[in-house]
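Enquirer: Numbering (full-length UniProt numbering), first residue to last: 1 to 69. The beta carbon of each residue, even a glycine, is placed where N, CA and C say it ideally should be. This one's a predicted model, so the numbers in the text were calculated from it and none came from an experiment.
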């Protein structure tokens with residue numbers, strides 16, 4: 001915790017939010033994999049999308065969103 005230099009209540013809130021996000025992420029992956037109607041290719045696309053969306057969303061906003069492109 002020393003390397004982040006955050007107040008303890010913010011650090012605790014960050015960990016709780018991360019845990020909740022992780023739980024929802026695992027539930028989403030299980031629901032994708034258990035969907036018998038989706039072909040394997042579509043399942044893989046949904047899984048890659050759910051992995052990359054939290055990373056690509058903020059990056060796309062930083063690159064494109066601030067300038068209105």
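Along the chain, where does the alpha helix (DSSP H) containing residue 35 start, and where does it finish?
Expert: Looking at the DSSP string, residue 35 is not in any alpha helix (DSSP H), and its letter there is neither H nor E.
Enquirer: DSSP on residue 22, reduced to helix/strand/coil?
Expert: Reduced to three states, the DSSP call for residue 22 is helix.
Enquirer: Looking at residue 95: is its Cβ nearer than 8 Å to the Cβ of residue 33?
Expert: Here the chain has residues from 1 to 69 only, and residue 95 is not among them.
Enquirer: In angstroms, rounded to a whole number, what distance separates the CA positions of residue 64 and residue 58?
Expert: Answer to the nearest angstrom: the Cα atoms are 10 Å apart.
Enquirer: Confirm, please, whether the CB-CB distance from residue 25 to residue 50 is below 8 Å.
Expert: Against a cut-off of 8 Å, the Cβ pair of residue 25 and residue 50 comes out as a contact.
Enquirer: Can you check whether the CB of residue 29 is closer than 8 Å to the CB of residue 12?
Expert: Taking 8 Å as the Cβ cut-off, residue 12 and residue 29 do not qualify as a contacting pair.
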